[in-house]
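Visitor:
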Amino acid sequence: MSSVNDDNEDLKPSTTPGYRPSGPAKTADEYAKLDAEDESLARWKASLGITPGQGSSAASGPKLTVLTLELHSPTLSTPLVFSMDDAAKMADIKKNPITIKEGVDYTVRITFKVNHSIVTGVQYIQLVKRGGFKVGKIEQMLGSFGPHPEGKPHEGKFEEESPAGMVARSGTYHARSRVVDDDGAVYADWEWSFKLAKEW
Numbered sequence: 039m040s041s042v043n044d045d046n047e048d049l050k051p052s053t054t055p056g057y058r059p060s061g062p063a064k065t066a067d068e069y070a071k072l073d074a075e076d077e078s079l080a081r082w083k084a085s086l087g088i089t090p091g092q093g094s095s096a097a098s099g100p101k102l103t104v105l106t107l108e109l110h111s112p113t114l115s116t117p118l119v120f121s122m123d124d125a126a127k128m129a130d131i132k133k134n135p136i137t138i139k140e141g142v143d144y145t146v147r148i149t150f151k152v153n154h155s156i157v158t159g160v161q162y163i164q165l166v167k168r169g170g171f172k173v174g175k176i177e178q179m180l181g182s183f184g185p186h187p188e189g190k191p192h193e194g195k196f197e198e199e200s201p202a203g204m205v206a207r208s209g210t211y212h213a214r215s216r217v218v219d220d221d222g223a224v225y226a227d228w229e230w231s232f233k234l235a236k237e238w
């Protein structure tokens, strides 16, 4: 059986050779003013929601707050939505597995709010075990984001397909999920469990 330390290694984002962390945090306004004469860079920053005059509030607290994890599928009448601030529900899905229909395509949607600064390389990482053994890992890049001018949440989503068959339906799967950035900052880390069945 693998240890918690092994899980932590598996939950680290992949590294890019030669990459250096971005350094001390800056406010969105500070980023907007950097290299202001470079039109191409200004357009890229604007696409992230970084524009001059957004305010100069101190860059304190987490840069990003994860709001929800959602599962959507054409075969599911109502999406499964898990709110990160619902401690009771998050504790419940760790102990009591949710049911995912076997052999279907579904969309994983993560909503989050960027509180300050640009957050580069936001990733969703998930380690799945069954019977104590690793059976799968997802490492999905969601993108780079800045604070929304109106405070609205961002979303990242990607497609998955659930396994199928009698063997896949046997047992409970235990997942540990994280949302991180390319500097290695962890913004959310939670455990949950699921079973595969013929119907949701």
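When the letters of the sequence shown are read in order and numbered with this note's numbering, they come out as residues 39 to 238.
Glycine included, each C-beta is placed from N, C-alpha and C at the ideal position.
(1) In the DSSP assignment, find the unbroken beta strand (DSSP E) run with Asp221 in it and report its ends.
(2) Confirm, please, whether the CB-CB distance from Pro185 to Val152 is below 8 angstroms.
(3) Tell me whether Lys236 is buried or exposed, calling it buried when 16 or more other Cβ atoms sit within 10 Å of its Cβ.
(4) Can you tell me whether DSSP reads Trp230 as helix, strand or coil?
(5) In this structure, what does DSSP give as the bridge partners for Ala18?
(6) Here's the rule I'm using: 16 or more other beta-carbon atoms within 10 Å means buried, otherwise exposed. How should Trp230 be labelled?
(7) Give the straight-line distance between the Cα atoms of Glu198 and Gln161, rounded to the nearest whole angstrom.
(8) Beta-carbon of Glu108 versus every beta-carbon of chain B: anything under 8 angstroms?
(9) Buried or exposed: which applies to Phe150, given that a residue is buried once 16 or more other Cβ atoms fall within 10 Å of its Cβ?
(10) Between which two residues does the alpha helix (DSSP H) holding Val142 run?
(11) Please classify Val157 as buried or exposed, where buried requires at least 16 other C-beta atoms within 10 Å of its C-beta.
(12) My assumption, with CB atoms under 8 angstroms, is that Gln164 sits in contact with Ser215. Please give the rounded CB distance.
(13) Taking DSSP as the reference, what is the three-state secondary structure of Glu188?
(14) Could you check how far apart the C-beta atoms of Ser52 and Lys101 are, in whole angstroms? I think they sit under 8 angstroms.
(15) Over what stretch of residues does the beta strand (DSSP E) that includes Leu34 continue unbroken?
(16) Taking the C-alpha atoms as reference points, what is the distance between Ser94 and Asp45?
(17) In this structure, does DSSP put Ala202 in helix, strand or coil?
(18) Run through DSSP, which three-state label would Lys50 get?
(19) Quick one: grab the DSSP three-state call for Ile156.
Guide: Quick answer:
(1) Taking the first residue of the sequence shown as 1, we reach residue 221 at position 183. Note, Asp221: premise wrong, no beta strand (DSSP E); not H, not E.
(2) In the sequence shown, the residue the question calls residue 152 occupies position 114. In the sequence shown, the residue the question calls residue 185 occupies position 147. A contact, by the Cβ cut-off of 8 angstroms.
(3) What you label residue 236 is simply residue 198 of the sequence shown in a count that begins at 1. Classification of Lys236: exposed, given that the 10 Å Cβ count is below 16.
(4) The sequence position of residue 230 within the sequence shown is 192, counting from 1. Residue state, collapsed to three classes: strand.
(5) Here the chain covers residues 39 to 238 and nothing more, so residue 18 does not appear.
(6) What you label residue 230 is simply residue 192 of the sequence shown in a count that begins at 1. Classification of Trp230: buried, given that the 10 Å Cβ count is 16 or more.
(7) Sequence index remark: in the sequence shown, residue 198 carries index 160 (1-based). Sequence index remark: in the sequence shown, residue 161 carries index 123 (1-based). When rounded, the distance between both Cα atoms is 15 angstroms.
(8) Within the model displayed, chain B is absent; a lone protein chain is all it includes.
(9) Taking the first residue of the sequence shown as position 1, residue 150 is located at position 112. Burial call: buried.
(10) One-based indexing of the sequence shown puts residue 142 at position 104. Here Val142 belongs to no alpha helix (DSSP H), and DSSP marks it neither H nor E.
(11) Within the sequence shown, numbered from 1, the residue matching residue 157 stands at position 119. Buried, because 16 or more other Cβ atoms sit within 10 Å of the Cβ of Val157.
(12) In the sequence shown, the residue the question calls residue 164 occupies position 126. In the sequence shown, the residue the question calls residue 215 occupies position 177. That pair is a contact at about 5 angstroms.
(13) The residue labelled residue 188 in the question sits at position 150 within the sequence shown. DSSP places Glu188 in coil when its eight states are reduced to three.
(14) Position 14 of the sequence shown, counted from the first residue, corresponds to residue 52. Position 63 of the sequence shown, counted from the first residue, corresponds to residue 101. The Cβ separation is near 20 angstroms, so there is no contact.
(15) The requested residue 34 does not occur in the structure, where the chain is confined to residues 39 to 238.
(16) Position 56 of the sequence shown, counting from 1, holds the residue named residue 94. Position 7 of the sequence shown, counting from 1, holds the residue named residue 45. Legend: pLDDT at Ser94 = 47, less than 50; position of this residue unreliable, no value from coordinates given.
(17) One-based indexing of the sequence shown puts residue 202 at position 164. Reduced to three states, the DSSP call for Ala202 is coil.
(18) If you number the sequence shown from 1, residue 50 lands on position 12. Looking at Lys50 - three-state DSSP - the assignment turns out to be coil, as it is neither helix nor strand.
(19) Position 118 of the sequence shown, counted from the first residue, corresponds to residue 156. Looking at Ile156 - three-state DSSP - the assignment turns out to be coil, as it is neither helix nor strand.
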